[in-house]
Ligand code: DHB
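Numbering (my numbering), first residue to last: 517 to 856.
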């Protein structure tokens, strides 16, 4: 009798161990305490907050989000509860869960000890420094920080990811804080990247990243900026801010997401882990990202569409593909894409 061993889909970002590679894309289903509790109760391997600013922000006027079967369009404008509320959430997770439903809270196995990452905004260097100074005393229960250098929706503000000198200065600034002395075993530090399109951009950004070896990961990619979707019947835009233009997500961005993962993995090699993001809706998409070099995979548009049950489904689909291809661990095919 042949014995098929169940594939192992454990992975790591930096030195943070994960039961599986799946995470919500920051911004999707992670604004409120309730959203975050749903993520803990889902089958994701880890989870991340909405991008956090020092103070609460309402964000842009609505309508500010639209999706159809192929893509999503957003110009949210960084609505978030502000740093203090996310810190309160982090510090009260266990109490909250125990109160919610004791039979799904497994105290002995510490089942809800799922790694939590904060997405941290980079509205200004001063604000980021202030956030970091508050976080310094609050690191217990936090496993990762993803600096969002690529928000496409703040009026009058370019993306740090596209201003290479400003990006380098920003990284130099944070590298001189306590943050870069925290052990990798306790905290993964990474960047949510803008989508790049030109080889010159990949090379120059990779050279900047190499100057900061404490960085553990890059999340590639954020939405493709300034997309426009038109409602033909009414001859209007679907969203109101920024003349109706916004960041594009969904299956149409997958080729760009894959190429960004692949090129950065080639340029940075084992120095950095990559979280693949963009157009992931099933196990095949996840397989492709891992083959292109990703260690973990984010789900955005499809998570908003389907809710947190997507994590259980996509895990099963990835495992089935691995069984089919006789892979027993992610390492057997990760970063193993061959050029024809
Ligand atoms: C928003 C959108 C993003 O893609 C992002 O990275 C951060 C914030 C937003 O508009 O809220």
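In this text, a Cβ means the ideal position worked out from N, Cα and C, and glycines have one as well. These numbers were taken from a predicted model, which means no experiment stands behind them.
Kindly indicate which three-state DSSP category residue 609 falls into: helix, strand or coil?
If DSSP states are grouped into helix, strand and coil, residue 609 belongs with the helices.
Restricting to Cα atoms, I'd like to know which of 856, 851, 847, 853 is closest to residue 524.
With respect to the C-alpha of residue 524, the residue from 856, 851, 847, 853 having the closest C-alpha is 847.
What three-state label does DSSP hand residue 730 in the structure shown?
Coil at residue 730, not helix or strand.
At which residues does the beta strand (DSSP E) containing residue 663 begin and terminate?
Per DSSP, the unbroken beta strand (DSSP E) holding residue 663 starts and ends at 660-664.
From the DSSP secondary-structure annotation, give me the bridge partner or partners of residue 583.
According to DSSP, residue 583 bridges with 588.
Does residue 850 come out as helix, strand or coil in the three-state DSSP assignment?
In the structure shown, residue 850 sits in coil (DSSP, three-state: anything other than H, G, I, E or B).
If you draw a straight line from the C-alpha of residue 721 to the C-alpha of residue 676, how long is it?
A straight line joining the alpha-carbon of residue 721 with that of residue 676 spans about 11 Å.
For the ligand DHB, any of its heavy atoms closer than 6 Å to the Cβ of residue 752?
Taking non-hydrogen atoms of the ligand DHB into account, the C-beta of residue 752 is found less than 6 Å away from none of them.
Closest by C-alpha distance to residue 770, when choosing among 659, 818, 842
Among 659, 818, 842, the Cα nearest to that of residue 770 belongs to 818.
Can you grab the Cα-Cα spacing for the pair residue 527 / residue 570, in whole Å?
The alpha-carbon atoms of residue 527 and residue 570 are separated by roughly 32 Å.
Tell me which same chain residues have a C-beta within less than 8 Å of the C-beta of residue 641, skipping the five on either side of it?
Excluding sequence positions up to five before and after residue 641, its CB lies within less than 8 Å of the CB of 685, 686, 689, all in the same chain and listed in chain order.
Quick one: grab the DSSP three-state call for residue 704.
It is a strand residue.
Reduced DSSP secondary structure (H/G/I, E/B, other) of residue 814
Reduced to three states, the DSSP call for residue 814 is strand.
Nearest residue (CA-CA) to residue 710, options 825, 545, 665, 840
The residue with the shortest Cα to Cα distance from residue 710 is 665.
As a quick exercise: from 754, 728, 669, 816, pick the residue whose alpha carbon is nearest that of residue 736.
Considering only alpha carbons, the answer is 816.
From 657, 546, 563, pick the residue whose C-alpha is nearest to that of residue 598; which is it?
With distances taken between Cα atoms, residue 598 lies closest to 546.
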